[in-house]
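S.K.:
Protein chains: 2
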Amino acid sequence: MTWTTKEVATLTGLTPRTLRHYDAIGLVCPSRAENDYRVYTQPNIERLQDVMFYRELGFSLHEIASILDDPDYNKLDALLKLRLALTERKQHINTILQTLNQTIQAHQQGVTMESKDMFNGFDASLHEEETQHTWGHTSAYKESSRRTQKYTPEDWQKIQQEHATLYDAFNTLKQNNTPPDDPRATRLALQHRELISNYFYTCTPEIHQGLALIYVQDERFQKNINTHGEELATYISQAITHLYQQTSK
Amino acid sequence: MTWTTKEVATLTGLTPRTLRHYDAIGLVCPSRAENDYRVYTQPNIERLQDVMFYRELGFSLHEIASILDDPDYNKLDALLKLRLALTERKQHINTILQTLNQTIQAHQQGVTMESKDMFNGFDASLHEEETQHTWGHTSAYKESSRRTQKYTPEDWQKIQQEHATLYDAFNTLKQNNTPPDDPRATRLALQHRELISNYFYTCTPEIHQGLALIYVQDERFQKNINTHGEELATYISQAITHLYQQTSK
DNA sequence: TATGAGGGGTGACGTGGCGTCAGGCTCAAG
DNA sequence: CTTGAGCCTGACGCCACGTCACCCCTCATA
Numbered sequence: 027m028t029w030t031t032k033e034v035a036t037l038t039g040l041t042p043r044t045l046r047h048y049d050a051i052g053l054v055c056p057s058r059a060e061n062d063y064r065v066y067t068q069p070n071i072e073r074l075q076d077v078m079f080y081r082e083l084g085f086s087l088h089e090i091a092s093i094l095d096d097p098d099y100n101k102l103d104a105l106l107k108l109r110l111a112l113t114e115r116k117q118h119i120n121t122i123l124q125t126l127n128q129t130i131q132a133h134q135q136g137v138t139m140e141s142k143d144m145f146n147g148f149d150a151s152l153h154e155e156e157t158q159h160t161w162g163h164t165s166a167y168k169e170s171s172r173r174t175q176k177y178t179p180e181d182w183q184k185i186q187q188e189h190a191t192l193y194d195a196f197n198t199l200k201q202n203n204t205p206p207d208d209p210r211a212t213r214l215a216l217q218h219r220e221l222i223s224n225y226f227y228t229c230t231p232e233i234h235q236g237l238a239l240i241y242v243q244d245e246r247f248q249k250n251i252n253t254h255g256e257e258l259a260t261y262i263s264q265a266i267t268h269l270y271q272q273t274s275k
Numbered sequence: 027m028t029w030t031t032k033e034v035a036t037l038t039g040l041t042p043r044t045l046r047h048y049d050a051i052g053l054v055c056p057s058r059a060e061n062d063y064r065v066y067t068q069p070n071i072e073r074l075q076d077v078m079f080y081r082e083l084g085f086s087l088h089e090i091a092s093i094l095d096d097p098d099y100n101k102l103d104a105l106l107k108l109r110l111a112l113t114e115r116k117q118h119i120n121t122i123l124q125t126l127n128q129t130i131q132a133h134q135q136g137v138t139m140e141s142k143d144m145f146n147g148f149d150a151s152l153h154e155e156e157t158q159h160t161w162g163h164t165s166a167y168k169e170s171s172r173r174t175q176k177y178t179p180e181d182w183q184k185i186q187q188e189h190a191t192l193y194d195a196f197n198t199l200k201q202n203n204t205p206p207d208d209p210r211a212t213r214l215a216l217q218h219r220e221l222i223s224n225y226f227y228t229c230t231p232e233i234h235q236g237l238a239l240i241y242v243q244d245e246r247f248q249k250n251i252n253t254h255g256e257e258l259a260t261y262i263s264q265a266i267t268h269l270y271q272q273t274s275k
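Quick mapping for you: the protein sequence lines, in order, are chains A and B. Just so we're on the same page, our numbering is the position in the first sequence counted from 1, plus 26. Just so we're on the same page, our numbering is the position in the second sequence counted from 1, plus 26.
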């Protein structure tokens, strides 16, 4: 089965011009018929779908190209990440909706809002860092995707479970009012590093400390971790930080 | 309370450049201090918030300007519409997520999807129609935004005044119990059409009759017009309608 | 056999929403 | 009195296309 430009256009909702543009910049390049007409095949269509997923998330065409053309590109992995990012995007809209609701209320009551509350959810810079963290082309990322490519759904389950177990262990300490710089917490922090190293990428001290920061700065991580206990992300972050304050002494 | 450019930038997450751009195109125009520095006041901030809500929904800056500068603009009403549109947008993302999930499943099972199912939720044309329906009517709307782009604040004042004068004239007739099919009312209806044609878009009889409908159907218009006289919107609407019943005879 | 509509193609220029300088003024702090 | 941070105004650059001009091909209908 093959398609002409117009057919693909109606199929995707894009314009023929857009399709020719994507061809011109090497993003989606159909083969050609004898009369030089573009001929889209199944792989072209699938790639086009990928492109549109990423475009929905606001990636530039250049970025999309480098993601899709990455030698370490793994489709399933990418799709899962996309799903995550899209649900995040939904969350983002929810935040804006909250702000909007507050604004409506304030307006109905004739009250003026505090200006700092008027722009919750709009700030994109934090979100950009997240995406950088998710898709960024650091070596850690590449190593991670190389490894995660091979994981089966059962592997993922196991990984999730090990994470959960560790988080619960942290939470037990926290519930017993064990301070984050307690040796037991430090041991767990070490286990945490090994867990990452085992399943994702070599977790150097720098990266580990980076994670500690992300865990408290990034709502996404925070919420996820905090499902295992209140304020748990902060606690874990402190434990990790202490691990390196200790060793540096 | 006032703000400098940088402060607004950090407050909103926009860049100073963007703020200066919005000023340049007349979208959000702060006043100036003696040293020519931009000074953002509370109204500026509120307008900026409006702009960002609409931008989130993908409106162009020109469209946003013509929405916010609409003489019949009603903030509360607009906020409610925004809320609707944002929840719609969430639904839109859900559709894409469904498509994504199907794609993931197909990929995991090694099946190829039906190509027509691969782009569900992407097609923007339907969504555009919705938006068109909610915020603006077709070519007349576009012409209007083309023209209104060039208007200065003084122009707007003049336009508002001419509208007000006309509405008051209608109201005088109504107060004197002049029926809407009286020649004097018909004359005012003609003036109304010319006023629209002059400042916004070529007001054909069809469009004018459309306006007559909108004036009684759309709360927003009704409320605005009725500030010039009780039930005035209905009266004007009737006068317009009669203008064409007459000429068609 | 002409013809006209509807598809295809390649330049090339226009546009919107900024980013990114360059060059110069202002102002508080040291 | 310098210095650095922040402000200003042009002016150019860039991306993702829209739009237009001009030409080719094909197929149904006159």
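Glycine included, each C-beta is placed from N, C-alpha and C at the ideal position.
Assign serine 263 of chain B to one of three DSSP states: helix, strand, or coil.
M.R.: Note: serine 263 of chain B maps to helix in three-state DSSP.
S.K.: Roughly how many angstroms separate the alpha carbons of isoleucine 266 of chain A and glutamine 235 of chain A, rounded to a whole number?
M.R.: Isoleucine 266 of chain A and glutamine 235 of chain A: Cα-Cα distance of roughly 7 Å.
S.K.: Taking C-beta to C-beta, are alanine 91 of chain A and leucine 45 of chain A nearer than 8 Å?
M.R.: No; because the gap between Cβ atoms is not below 8 Å, this pair is not in contact.
S.K.: To which residues of the same chain is glutamate 256 of chain B closer than 8 Å at the C-beta, ignoring the five residues directly before and after it?
M.R.: Cβ neighbours of glutamate 256 of chain B beyond the five flanking positions: none.
S.K.: Flag this pair as touching only if the region 30-38 of chain A and the region 59-72 of chain A have three or more C-beta atom pairs under 8 Å; answer yes or no.
M.R.: Enough Cβ pairs lie closer than 8 Å, so yes.
S.K.: Do the region 78-92 of chain A and the region 47-64 of chain A meet, that is, are 3 or more Cβ pairs less than 8 Å apart?
M.R.: The region 78-92 of chain A, when compared against the region 47-64 of chain A, does touch it at the 8 Å Cβ threshold.
S.K.: Give a yes or no on whether 8 Å exceeds the smallest Cβ distance from glutamate 140 of chain A to chain B.
M.R.: Glutamate 140 of chain A does not count as touching chain B.
S.K.: Could you give the residue range of the alpha helix (DSSP H) that holds serine 92 of chain A?
M.R.: Taken as a continuous stretch (DSSP letters only), the alpha helix (DSSP H) holding serine 92 of chain A covers 87-94.
S.K.: List, in chain order, every chain B residue whose beta-carbon is nearer than 8 Å to that of phenylalanine 79 of chain A.
M.R.: Residues of chain B passing the Cβ test: Ile122 and Leu126.
S.K.: The alpha helix (DSSP H) that contains tyrosine 66 of chain B, what's its start and end?
M.R.: Note, tyrosine 66 of chain B: premise wrong, no alpha helix (DSSP H); not H, not E.
S.K.: So leucine 108 of chain B and leucine 126 of chain A are supposed to be a Cβ contact under 8 Å. How far apart are they, rounded?
M.R.: Yes, leucine 108 of chain B and leucine 126 of chain A are in contact; Cβ-Cβ is about 6 Å, under 8 Å.
S.K.: Going by DSSP, what residue range makes up the alpha helix (DSSP H) through glutamine 134 of chain A?
M.R.: Glutamine 134 of chain A -> alpha helix (DSSP H) spans 101-134.
S.K.: What residues in its chain sit with their C-beta under 7 Å from that of leucine 269 of chain A, if we drop five residues either side in the sequence?
M.R.: Within the same chain, leucine 269 of chain A has close Cβ partners Thr212, Ala215 and Leu216.
S.K.: Determine the closest residue to proline 206 of chain B out of B:Thr191, B:Ala259 and B:Arg219, with distance taken between C-alpha atoms.
M.R.: With distances taken between Cα atoms, proline 206 of chain B lies closest to B:Ala259.
S.K.: Taking 8 Å as the CB-CB limit, is lysine 101 of chain A close to chain B?
M.R.: Yes - at least one Cβ of chain B is within 8 Å of the one on lysine 101 of chain A.
S.K.: Taking 8 Å as the cut-off, decide whether the C-beta atoms of isoleucine 130 of chain B and glycine 147 of chain B are in contact.
M.R.: No, these two residues do not count as a Cβ contact at 8 Å.
S.K.: Ends of the alpha helix (DSSP H) at glutamate 140 of chain A?
M.R.: Neither: glutamate 140 of chain A is in no alpha helix (DSSP H) and is coded neither H nor E.
S.K.: Give every residue of the same chain whose Cβ lies closer than 6 Å to the Cβ of tyrosine 80 of chain A, excluding the five residues on either side of it in the sequence, and list them in chain order.
M.R.: Excluding residues within five positions, the ones whose Cβ falls inside 6 Å are Ile90.
S.K.: Relative to the C-alpha of serine 141 of chain A, which residue among B:Tyr66, B:Asp62 and B:Asn100 is closest?
M.R.: With distances taken between Cα atoms, serine 141 of chain A lies closest to B:Tyr66.
S.K.: Within a Cβ cutoff of 7 Å, which residues of the same chain sit near serine 223 of chain B, ignoring the five residues on either side of it in sequence?
M.R.: Answer for serine 223 of chain B: Cys229, listed in chain order.
S.K.: Just checking my contact of leucine 192 of chain B with histidine 218 of chain B at CB under 8 Å: how many whole Å lie between their CB atoms?
M.R.: Indeed, because the Cβ distance is near 6 Å, the residues count as touching under 8 Å.
S.K.: My understanding is that leucine 221 of chain A touches histidine 189 of chain A, with C-beta atoms under 8 Å, so please give their C-beta distance in whole angstroms.
M.R.: Contact holds; Cβ gap of about 7 Å.
S.K.: Going by Cα to Cα distance, which pick from B:Gly39, B:Thr28, B:Asp208 and B:Val77 is closest to proline 56 of chain B?
M.R.: Ranking the options by Cα distance to proline 56 of chain B, first place goes to B:Thr28.
S.K.: Between phenylalanine 145 of chain A and chain B, is the shortest Cβ-Cβ distance under 8 Å, so that the two count as touching?
M.R.: By this cut-off, phenylalanine 145 of chain A is an interface position.
S.K.: Under 7 Å between beta-carbons, which chain A residues line up against lysine 116 of chain B? List them in chain order, please.
M.R.: Within chain A, the residues near lysine 116 of chain B are Lys116 and Ile119.
S.K.: Going by other Cβ atoms of all chains shown within 10 Å of its Cβ, with 16 needed for buried, is glutamine 124 of chain B buried or exposed?
M.R.: By the neighbour-count rule (16 or more Cβ atoms within 10 Å), glutamine 124 of chain B is not buried but exposed.
S.K.: Look at the Cβ atom of lysine 116 of chain B, then the Cβ atom of lysine 116 of chain A, and state whether they are nearer than 8 Å.
M.R.: Yes, Cβ-Cβ distance for lysine 116 of chain B and lysine 116 of chain A is below 8 Å.
S.K.: Determine the extent of the alpha helix (DSSP H) in which proline 42 of chain A is found, giving its start and end residues.
M.R.: 42-50 is the span of the alpha helix (DSSP H), which, as asked, contains proline 42 of chain A.
S.K.: By alpha-carbon positions, which one of A:Met78, A:Glu82, A:Ile51 and A:Pro42 ends up nearest to arginine 64 of chain A?
M.R.: When each option's Cα is compared against that of arginine 64 of chain A, the closest is A:Pro42.
S.K.: Check for me: the alpha helix (DSSP H) holding leucine 83 of chain A runs from which residue to which?
M.R.: First-last for leucine 83 of chain A: undefined, no H or E at that position.
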